[in-house]
Every structure is written in C-alpha cells, then in structure tokens.
Amino acid sequence: MACRFFLGVAEAAYGPGVPLYLTYFYPREMVGFRHGVFIAANAYGGALAYAISHINGSIAPWRILFLIEGLPTCVFALVPFFFLPDSIAQATFLDDREKEVAYHFVARNQRLDVDKNQGLRVKEMFEGLKDPKSYLPGIMYFSCNVSFASLPLFVPTIISQLGIFTTIQSNGLSAPPYLLCFFYIIFICWCSDHFKMRGPFCALSGLIAFIGFAINASSESPGVRYFSIFFSVQIFASVALLLAWTANIHATESKRAGGYTVLATLGQCGPLLGTNVFPESEEPRYRKGLWISAAFCLLVTAVSTGLSLWLIHENKKMDKEGVPEVQGFEETSVARETGEHEKHRFIW
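Residue numbers (the numbering used here): 15 to 362.
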C-alpha cells in the first residue's frame with residue numbers, strides 16, 4: 015500500500031505536466047493535435063490492463079501488470095531527463111537566431127517567458143487556481159472519467175454474451191472500439207486545431223458517447239450493445255480536447271499551471287465514482303451504471319456549450335475594447351521585470 019502511495023505521488027505531476035510542457039513549444043492553435051497524440055495511446059490503457067490482469071502465470075496478474083507497464087516507463091524516463099530542454103530559452107541545440115524564431119512562432123496570441131532563469135510566477139499560478147473558467151474544464155474532465163473508467167468493466171461481459179467467443183477471444187474483441195477511439199482522437203484534435211475551436215468538438219464527442227451509452231442501456235441485443243461501445247468510447251476524445259482548451263483559456267505559462275492543477279485534481283476523482291456505479295449485483299446489464307455514464311456524457315456536452323458561449327461573450331467584449339485579433343511576440347511576451355500581460359482572446 016505504501017508503494018502504491020508513492021507511485022501515485024510520482025504519477026501525479028505527469029498527467030498535467032506533459033500537456034503544460036507542450037504549450038512551451040507550440041502556439042495555442044497547434045497544441046490540440048499534440049495533446050491528441052499524447053492522450054490517444056491512453057485510450058488503449060483500460061483494455062490493455064484488463065487483458066493483462068487475466069494472464070495466468072506463476073505470479074499474480076497485478077504484478078505482471080506492474081512489470082509490463084512500469085518497467086518501460088522507468089527506463090525511458092532517463093531519456094527526457096537528459097535530452098529534453100525545460101524551455102525554448104534552455105534549448106542548447108538552438109542558436110540565438112533560432113530561439114528568436116521559436117519565440118515568435120510560439121507566442122502568437124499567448125504569453126511567453128523568455129528568461130531562462132524565470133521560474134514559476136506564484137501570483138499568476140494562484141490566478142489560475144481562482145479563475146472560475148478553470149473549474150468548468152475540471153467538471154467536464156471529471157464527467158469524462160466517470161464514463162470512461164467503467165468501460166473496461168462491462169465491455170468483455172457484453173462480448174461474452176454473444177455466446178460464440180471464448181474468454182480470450184472476448185478480450186481480443188474489446189480492442190476494436192479502442193482502436194477506433196485512437197484514430198478518432200487524432201482526427202478530432204486535428205479538426206479542432208484547424209478550425210480553432212474546442213467547445214463544439216468537445217460537445218460533439220460527449221453527444222456521440224451519450225448515444226452509445228443510451229443504446230447500450232436500452233437494448234437487449236448483445237450485437238447492438240457491442241456496436242454501441244464504438245460510440246461510447248469516444249468520450250475519451252473530450253479529454254484530449256480539454257487539455258488543449260485549458261491551455262488556451264489561460265494567458266501565461268504560470269496561470270496555465272494553475273489551470274492544469276484544477277483540471278487534474280477534479281478530473282482524477284471521476285474514476286472513484288465511475289468504477290463504483292457498476293456493482294456485481296447488476297451484472298450483466300448494468301443499466302443503472304450505463305444511464306449514469308450517459309448522463310455525465312450529456313453533462314460534458316452541456317458544460318462545453320456553456321463555456322464556449324461564455325468565451326464568445328468575452329471575445330465580443332474585447333472587440334469593443336479594441337483588443338487586436340492577432341497578437342505577436344512583442345505584444346504577448348511577459349515582461350521580465352513586472353510579469354504584467356495584456357488581455358488575450360480566447361479559443362472557444
């Protein structure tokens with residue numbers, strides 16, 4: 015139990031840390047696709063863990079799971095420690111001219127610290143923690159995790175009800191929905207960057223997943239229920255979009271750190287609920303859990319729509335104030351001495 019605690023402590027910074035790190039090197043209208051690439055492989059995580067947990071060997075399945083998923087992570091962790099720069103300013107493989115080009119590239123419509131000795135701006139981080147706009151993505155992330163965390167529990171059960179597959183084959187057939195989700199995440203995040211919109215695509219993914227869970231809860235046919243899973247898993251695409259949206263909402267690097275803290279803290283509470291609304295007493299239909307998951311998918315759609323409308327309203331207010339549509343490096347870079355920054359427009 016103590017080892018699991020320290021593992022959780024070590025993991026805690028990774029989920030929000032990587033999305034924040036990516037914002038240091040990409041402009042905000044291009045970071046969505048990168049977040050999609052980062053999160054897409056996680057769509058397979060639940061199915062992989064379930065399959066590994068059913069391996070029969072000389073040691074306990076949970077030990078096998080820790081070895082297969084943990085050892086490569088520990089070994090590969092040495093690579094970024096030695097080779098990944100902390101920021102553009104600390105990228106030793108870039109000369110001054112190349113760094114200047116990178117600054118202008120990344121700082122389009124977002125703030126950028128150019129001092130390599132500048133650390134976390136605590137005041138701005140607390141601004142991110144206090145900003146009401148930080149909590150709406152957190153609520154959506156929580157809702158996504160309530161729905162997605164439960165999928166590995168009942169997907170193999172549904173497949174086994176088809177009556178024509180062995181246990182091993184049932185585990186194998188749980189992979190295609192997640193494979194579709196992998197490609198859907200990449201595609202929807204690319205579209206989100208291309209059209210410079212987050213909310214509509216997040217709402218769409220929530221609506222697709224809602225349809226899947228609703229069909230699953232109301233149908234008696236195992237074949238139809240299996241087909242519905244291809245819709246249900248798409249809720250995970252909203253997670254990738256929320257990572258990009260959180261970055262786009264907050265102007266500075268330190269404020270984004272506060273925003274990601276809220277997002278991860280609220281979001282990671284979702285599985286606590288999601289894995290407990292499918293009790294064994296309701297096997298094999300799990301109707302209550304499916305309808306609860308469907309409701310949270312619909313909540314994602316509703317909240318993302320509301321946040322989009324809020325940000326559109328804020329942009330219109332900036333129209334009246336004369337805030338330019340496009341801001342370059344000179345307008346957006348954070349002052350080294352004061353840390354002050356101008357208003358920036360939102361991607362909704």
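From the three backbone atoms N, C-alpha and C, an ideal C-beta is built for every residue, glycine too.
- When DSSP states are grouped into helix, strand and coil, Asn123 belongs to the coil group.
- Annotated three-state conformation of Gly71 is coil, per DSSP.
- Close CB contacts of Leu287 within its chain, under the 7 Å cut and outside five residues either way in sequence, are with Val160 (chain order).
- Counting only runs of at least 4 residues, the stretch 81-115 fully encloses the following alpha helix (DSSP H) elements, listed from N- to C-terminal order: 92-97.
- Of the other Cβ atoms in all chains shown, 16 or more fall within 10 Å of the Cβ of Pro170; this residue is therefore buried.
- Cα atoms of Leu321 and Trp362: separation of roughly 8 Å, rounded to the nearest angstrom.
- Inclusion of Ala258 and His49 in the CB contact set at 8 Å is warranted, their separation being smaller than that value.
- Burial check for Met139: the Cβ neighbour count within 10 Å reaches 16 or more, so the residue is buried.
- The beta carbons of Ile229 and Gln248 sit no closer together than 8 Å.
- Shown here for Ser233: same chain residues with a beta carbon closer than 8 Å to its own, the five before and five after excluded, namely Arg239 and Ser242 in chain order.
- Within the stretch 264-300, complete alpha helix (DSSP H) segments of at least 4 residues are found at 267-281 and 284-288, given in chain order.
- Just so you know, the alpha carbons of Thr87 and Phe201 end up roughly 27 Å apart.
- DSSP, reduced to helix, strand and coil, places Phe244 within a helical segment of the structure shown.
- The continuous alpha helix (DSSP H) containing Lys137 extends over residues Val136 to Lys144.
- Per DSSP, the unbroken alpha helix (DSSP H) holding Gly46 starts and ends at Val45 to Ala54.
- Between Ser164 and Gly303, the beta carbon gap of about 6 Å places them in contact (Cβ cut-off 8 Å).
- Your pair Leu255 and Arg212 checks out as a contact, with CB atoms roughly 5 Å apart and the cut at 8 Å.
- Scanning Leu21, Pro298, Tyr38 and Cys216 for the CA closest to the CA of Gln104 turns up Tyr38.
- For Ile53 and Phe227, the gap between their C-alpha atoms comes out near 22 Å.
- Boundaries of the alpha helix (DSSP H) around Arg18: Ala16 to Ala26.
- Counting the other Cβ atoms within 10 Å of the Cβ of Val314 gives 16 or more, which makes it buried.
- With a cutoff of 8 Å on beta-carbon distance, Val253 and Tyr155 are scored as near each other.
- Annotated three-state conformation of Lys147 is helix, per DSSP.
- In this structure, Ala261 sits away from Pro94, with a CB-CB distance that is not shorter than 8 Å.
- Assigned with DSSP and collapsed to three states, Ser233 falls in coil, not helix or strand.
- Check the Cα spacing between Ser318 and each of Lys334, Tyr149 and Tyr28: the tightest is with Tyr149.
- Membership of Pro170 in the alpha helix (DSSP H) is indicated by the continuous run Leu165 to Ser174.
- Excluding five sequence positions before and after Phe119, the CB atoms of its chain that fall closer than 8 Å to its own CB belong to Pro41, given in chain order.
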